[in-house]
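Scroll down for the structure; my scribbles are underneath it.
Chains as they are written, first to last, in our numbering: chain D, 6 to 427; chain P, 6 to 427.
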């Protein structure tokens with residue numbers, strides 16, 4: 006069987022996809038009897054023509070020359086961003102093409118529209134590359150775990166932030182310095198805000214939520230917090246308390262309510278997620294009947310991501326159906342109702358009675374303390390006091406911290422990091 | 006769409022499969038629009054009828070009542086063992102049924118026959134549950150990594166042995182005691198020889214080799230070594246040297262030669278495979294372009310395995326094709342030609358000149374020593390001497406050890422454990 010594809014966008018991923026298709030066509034043929042022909046490549050940058058002509062593939066700067074080409078079966082969108090990618094994909098579907106996309110931002114925002122359009126037109130969508138690069142997590146959840154109820158999902162879904170936290174932990178450097186190194190090594194973009202603030206992880210969490218729980222959440226409804234407030238002090242204290250700090254994307258279903266959030270999290274040091282170092286990604290699932298699973302691999306980069314895009318091209322070519330999941334009746338939990346354990350750190354004057362004042366306020370909000378660490382005074386005027394709480398309500402914690410931060414003896418803002426007992 | 010299945014074998018897995026199908030039929034429907042009906046269940050034990058009638062499913066003790074039932078689309082074989090399972094599966098294929106099986110021993114021995122029969126008859130096979138229980142590793146390799154060249158595959162494919170090694174490491178107990186505990190906890194069978202000697206892992210390695218490298222190896226050609234010779238002493242020394250001992254199934258392709266083997270292996274302690282504890286399974290892959298990946302989860306037990314069986318039933322129902330991989334031209338490497346680093350331990354008389362004698366023999370076989378650990382004499386007459394070698398040839402190592410074991414000052418047999426630098 007032969008299938009003809011057109012590619013929109015020849016950036017890092019696009020170029021890697023063409024190269025993988027050319028380099029491993031014998032493997033694909035051997036494993037599936039499928040021949041994939043790249044019929045046309047489109048990029049708005051004219052100078053890309055040179056590259057494409059080296060492969061003997063026709064080039065265009067007009068996306069509609071791909072979308073409207075009647076010889077093309079599958080349109081592969083590797084442009085990124087909401088517009089014009091959305092418009093192109095919807096047009097391609099309407100022209101009877103199947104589509105493959107790596108566009109997490111688009112699916113997170115417009116997933117419902119794109120999936121329902123595809124379903125209506127009986128078209129197929131591949132989107133493996135939109136979450137965790139090379140890890141076949143979309144396939145694993147939607148096909149491998151098709152009969153599983155997913156109770157909890159914890160993802161390290163963003164390589165940049167994982168690299169920074171890893172470096173801060175390993176080399177005891179500040180956030181800023183770790184970021185600089187990540188940028189130097191190509192693990193962080195020049196404008197890394199989407200990564201650092203957790204937005205990229207949030208986009209991927211939306212897609213995994215659809216697959217796992219049958220609902221496209223509204224991005225604005227999900228609590229998201231980045232890593233820029235994490236200090237080397239917190240990393241060291243967490244380590245001493247046998248935890249490590251990871252930026253986790255979390256989806257937990259309890260009592261028909263779904264708690265979705267992205268934030269720095271203390272994870273027990275002996276949990277496999279703590280061994281996810283450098284810019285690697287991972288997804289930890291707690292399911293029934295399949296039990297606990299971990300998927301780990303490279304979450305970004307053109308070369309690894311090309312594996313997922315090509316797998317999708319092959320899957321769509323072979324007519325493997327997209328998961329058209331029927332809407333589930335799920336309610337989302339407000340972050341203020343979250344009940345969990347917390348790591349809190351105060352910078353306090355080294356005076357008698359400080360601990361008493363803090364403890365009193367916490368107690369007045371029914372927050373019970375599990376452990377306190379206060380070391381001998383260092384040179385500065387303010388010393389860190391670190392507490393782990395027992396399970397408490399988020400709203401109580403926030404109110405207590407607000408009150409504590411108004412004390413004269415406290416140098417605000419105090420730190421609050423959620424703990425997950427995986 | 007509705008699909009009708011018949012189940013052969015109502016053991017631990019069979020029972021869990023029916024329960025999962027019944028309990029999660031709404032999930033399957035929601036995610037795939039598929040309805041699966043269990044048309045008939047067969048077990049040679051008459052007393053199972055009681056169980057089955059509780060579910061309102063017809064029961065038979067005659068497998069041909071399932072195989073020849075024209076209303077059944079898919080035959081699910083959960084009997085295990087070579088015969089009569091092989092006969093039943095081939096008959097089912099010939100009767101036009103698709104098949105699903107969890108039978109690793111059968112596929113390892115007769116995979117080529119079963120797959121070619123299915124291809125000839127244009128039938129589909131699901132076999133996800135045959136390797137690593139609930140982990141969707143078959144799907145991930147054959148579909149998710151369809152465009153990837155797999156360079157190295159390392160698997161912890163047997164839960165029993167992993168549990169025993171984990172317990173020996175954690176509680177510093179002897180092999181025998183760890184085995185007893187595993188049996189008590191249900192992680193080891195009463196006759197655990199297939200597990201302990203590495204045969205179960207070997208069967209799974211055969212299947213993964215077919216998927217990854219396009220060849221069914223002959224079981225007899227693969228080097229296999231179990232864990233019964235591992236002592237607490239080795240575990241402690243390995244730990245001190247920053248390694249941990251794991252029973253690994255290994256497939257490595259180098260220079261067109263494929264090295265396949267199952268044996269206890271020293272793995273660097275900071276490698277994610279070392280965090281695979283208890284009876285968990287995992288597969289570590291080194292690929293291009295997808296890079297390095299780890300898949301981790303429950304490798305055995307009726308409940309987790311039912312997830313994989315049901316996923317296969319769904320996949321086959323939806324017409325997802327089996328990987329019919331064209332034979333690759335691959336040559337297998339003989340274990341004697343293996344080049345790797347080694348951990349060797351001698352029990353030697355605590356006399357002057359001992360180290361010199363051992364070193365001399367090693368040198369005569371061109372085996373270069375990277376490190377030596379000999380501690381102060383304990384009470385016994387023999388003291389352990391532990392060495393890590395640089396890269397050396399297996400055949401040289403074996404010859405050297407044979408010679409060393411003949412020395413009067415040595416209490417044989419000396420220990421040899423291969424090291425893998427993952």
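Idealized CB from N, CA, C, for every residue including glycine.
### Query
When the Cα atoms are used, what is the spatial distance from residue 78 of chain D to residue 185 of chain D?
Along the first chain, read from residue 1 onward, the residue named residue 78 of chain D stands at position 73. Along the first chain, read from residue 1 onward, the residue named residue 185 of chain D stands at position 180. Computed Cα separation, rounded: 43 Å.
### Query
For residue 7 of chain P, which residues from the same chain have a beta carbon less than 7 Å from its beta carbon, with the 5 sequence-adjacent residues on both sides left out?
The residue you call residue 7 of chain P lines up with position 2 of the second chain. Cβ neighbours of residue 7 of chain P beyond the five flanking positions: 40, 42.
### Task
Compare the beta carbon distance of residue 113 of chain D and residue 208 of chain D with 7 Å and say whether it is the shorter of the two.
For this step, residue 113 of chain D is matched to residue 108 along the first chain. For this step, residue 208 of chain D is matched to residue 203 along the first chain. Taking a C-beta distance under 7 Å as the contact criterion, residue 113 of chain D and residue 208 of chain D qualify as a contact pair.
#### Entry: Interface residues of the stretch 323-345 of chain P facing chain D [CB-CB below 8 Å]
323, 324, 325, 326, 328, 329, 330, 331, 333
### Query
What does residue 121 of chain P touch in chain D if you count any residue whose Cβ is under 9 Å from its own?
Counting from 1 along the second chain, the entry for residue 121 of chain P is found at position 116. Within 9 Å Cβ-Cβ: nothing; residue 121 of chain P doesn't reach chain D, min ~15 Å.
### Task
Taking residue 259 of chain D as the query, report the chain P residues whose CB atoms sit under 8 Å from its CB, ordered along the chain.
By 1-based counting over the first chain, the position of residue 259 of chain D is 254. Per Cβ cutoff of 8 Å: no residues; residue 259 of chain D is ~18 Å from chain P at best.
### Query
residue 338 of chain P by DSSP, collapsed to three states: which one?
Against the second chain, residue 338 of chain P aligns to sequence position 333. Residue 338 of chain P: coil per DSSP, three-state reduction.
### Task
Starting from residue 159 of chain P, follow its DSSP beta bridges and name the residues at the other end.
Residue mapping note: residue 159 of chain P aligns to position 154 of the second chain, counting from 1. DSSP lists P:255, P:289 as partners of residue 159 of chain P.
### Task
Please name the residue or residues paired with residue 354 of chain D in a DSSP beta bridge.
Stepping through the first chain from its first residue, residue 354 of chain D is reached at position 349. Answer is D:387, bridged to residue 354 of chain D.
### Own chain residues within Cβ distance below 6 Å of residue 84 of chain P, not counting five before or after
Numbered from its first residue, the second chain carries residue 84 of chain P at position 79. Cβ neighbours of residue 84 of chain P beyond the five flanking positions: 13, 14, 90.
### Query
If you scan the stretch 13-93 of chain D from start to end, which runs of the alpha helix (DSSP H) of 4 or more residues do you find wholly inside it?
17-28, 30-37, 53-59, 68-72
### Message
Does residue 359 of chain P come out as helix, strand or coil in the three-state DSSP assignment?
### Response
Residue 359 of chain P sits at position 354 when you count from the first residue of the second chain. Looking at residue 359 of chain P - three-state DSSP - the assignment turns out to be helix.
### Message
Spatial neighbours of residue 214 of chain P within its chain, please: C-beta separation below 7 Å, excluding the five flanking residues on both sides.
### Response
Against the second chain, residue 214 of chain P aligns to sequence position 209. The residues are 220, 222, 256, 265.
### Message
So, under 8 Å CB-CB, residue 346 of chain D and residue 399 of chain D are touching, yes? Tell me the CB distance rounded to an integer number of Å.
### Response
Counted from its first residue, the first chain places residue 346 of chain D at position 341. Counted from its first residue, the first chain places residue 399 of chain D at position 394. With 8 Å as the limit, residue 346 of chain D and residue 399 of chain D do not qualify as a contact, their Cβ atoms being about 11 Å apart.
### Query
When you compare only the Cα positions, how much space is there between residue 145 of chain D and residue 333 of chain P?
In the first chain, counting from the first residue as 1, residue 145 of chain D sits at position 140. In the second chain, counting from the first residue as 1, residue 333 of chain P sits at position 328. C-alpha separation (whole angstroms): 27 Å.
### Query
Buried or exposed: where does residue 392 of chain P fall if 16 or more other Cβ atoms within 10 Å of its Cβ makes it buried?
On the second chain, position 387 is the one that residue 392 of chain P refers to. The residue is buried, with at least 16 neighbouring Cβ atoms inside 10 Å.
#### Entry: Given 8 Å, three or more beta-carbon pairs between the stretch 114-125 of chain D and the stretch 154-168 of chain D
no
#### Entry: First and last residue of the uninterrupted alpha helix (DSSP H) at residue 164 of chain P
Within the second chain, numbered from 1, the residue matching residue 164 of chain P stands at position 159. Looking at the DSSP string, the run of the alpha helix (DSSP H) that includes residue 164 of chain P is 164-176.
### Task
Could you tell me the distance, in whole angstroms, from the CA atom of residue 26 of chain P to the CA atom of residue 306 of chain D?
Here residue 26 of chain P refers to the residue found at position 21 of the second chain. Here residue 306 of chain D refers to the residue found at position 301 of the first chain. Rounded to the nearest angstrom, the two C-alpha atoms are 39 Å apart.
### Query
residue 286 of chain D and residue 302 of chain D look like a contact to me (Cβ under 8 Å); what is the Cβ gap, rounded to whole Å?
Here residue 286 of chain D refers to the residue found at position 281 when the first chain is read from its first residue. Here residue 302 of chain D refers to the residue found at position 297 when the first chain is read from its first residue. At roughly 7 Å, the Cβ-Cβ gap stays under 8 Å, so residue 286 of chain D and residue 302 of chain D are in contact.
### Query
Taking any Cβ of chain P, which residues in the stretch 121-136 of chain D have a Cβ under 8 Å from it, in chain order?
Within the stretch 121-136 of chain D, contact with chain P at the beta-carbon level (separation under 8 Å) is assigned to 133.
### Message
Taking the alpha carbon of residue 358 of chain D as the reference point, which residue from D:369, D:350, D:414, D:336 has its own alpha carbon closest?
### Response
The sequence position of residue 358 of chain D within the first chain is 353, counting from 1. Comparing Cα-Cα distances from residue 358 of chain D to each of D:369, D:350, D:414, D:336, the minimum goes to D:414.
### Message
Alpha carbons only, please: which of P:288, P:99, P:237, P:275 is nearest the one belonging to residue 139 of chain P?
### Response
Numbered from 1 along the second chain, position 134 holds the residue referred to as residue 139 of chain P. Residue 139 of chain P has its Cα closest to that of P:288, out of P:288, P:99, P:237, P:275.
#### Entry: Coarse secondary structure for residue 296 of chain D, derived from DSSP in three states
Against the first chain, residue 296 of chain D aligns to sequence position 291. Note: residue 296 of chain D maps to strand in three-state DSSP.
### Task
Mind checking the stretch 146-167 of chain D against chain P and listing, in chain order, the residues whose C-beta falls within less than 8 Å of any C-beta there?
147, 148, 149, 150, 151, 152, 153, 154
### CB of residue 210 of chain D within 7 Å of CB of residue 254 of chain D, strictly
Translated into positions along the first chain, residue 210 of chain D becomes position 205. Translated into positions along the first chain, residue 254 of chain D becomes position 249. Yes, the pair counts as a contact, with Cβ atoms nearer than the cut-off.
### For residue 9 of chain P, the residue or residues it bridges with in DSSP
Start at 1 with the first residue of the second chain, and residue 9 of chain P comes out as number 4. Answer by DSSP bridge pairing, in chain order: P:42.
### Message
What does the Cβ neighbour count give for residue 38 of chain D, buried or exposed, with the cut at 16 atoms within 10 Å?
### Response
In the first chain, the residue the question calls residue 38 of chain D occupies position 33. Exposed is the call here.
#### Entry: Rounded C-alpha distance that separates residue 160 of chain D from residue 47 of chain D
Locating residue 160 of chain D in the first chain gives position 155, counting from the first residue. Locating residue 47 of chain D in the first chain gives position 42, counting from the first residue. Answer to the nearest angstrom: the Cα atoms are 33 Å apart.
### Task
Give, in chain order, every residue of the stretch 22-51 of chain P whose Cβ lies closer than 7 Å to some Cβ of chain D.
25, 29, 32, 33, 35, 36, 37
### Task
Examine chain D for any beta-carbon lying closer than 7 Å to the beta-carbon of residue 139 of chain P, and answer yes or no.
Walking along the second chain from the start, residue 139 of chain P turns up at place 134. Residue 139 of chain P counts as touching chain D.
### Message
Quick test of your reading: residue 170 of chain P and residue 235 of chain P, contact by CB under 8 Å. State the CB separation rounded to the nearest angstrom.
### Response
For this step, residue 170 of chain P is matched to residue 165 along the second chain. For this step, residue 235 of chain P is matched to residue 230 along the second chain. Indeed, because the Cβ distance is near 7 Å, the residues count as touching under 8 Å.
### Message
Measuring straight from C-alpha to C-alpha, what distance separates residue 35 of chain P and residue 329 of chain D?
### Response
Within the second chain, numbered from 1, the residue matching residue 35 of chain P stands at position 30. Within the first chain, numbered from 1, the residue matching residue 329 of chain D stands at position 324. Approximately 8 Å, taken between the alpha carbons.
### Message
Checking the sheet assignment: what are the DSSP bridge partners for residue 394 of chain D?
### Response
Against the first chain, residue 394 of chain D aligns to sequence position 389. Per DSSP, D:374.
### Query
When DSSP labels each residue in this structure, what does residue 422 of chain D get in the three-state scheme?
Within the first chain, residue 422 of chain D is the residue found at index 417, counting from 1. Assignment of residue 422 of chain D by DSSP, reduced to helix, strand and coil, places it in the strand class.
### Query
Ends of the alpha helix (DSSP H) at residue 201 of chain D?
Indexing the first chain from 1 puts residue 201 of chain D at position 196. Residues 198-201.
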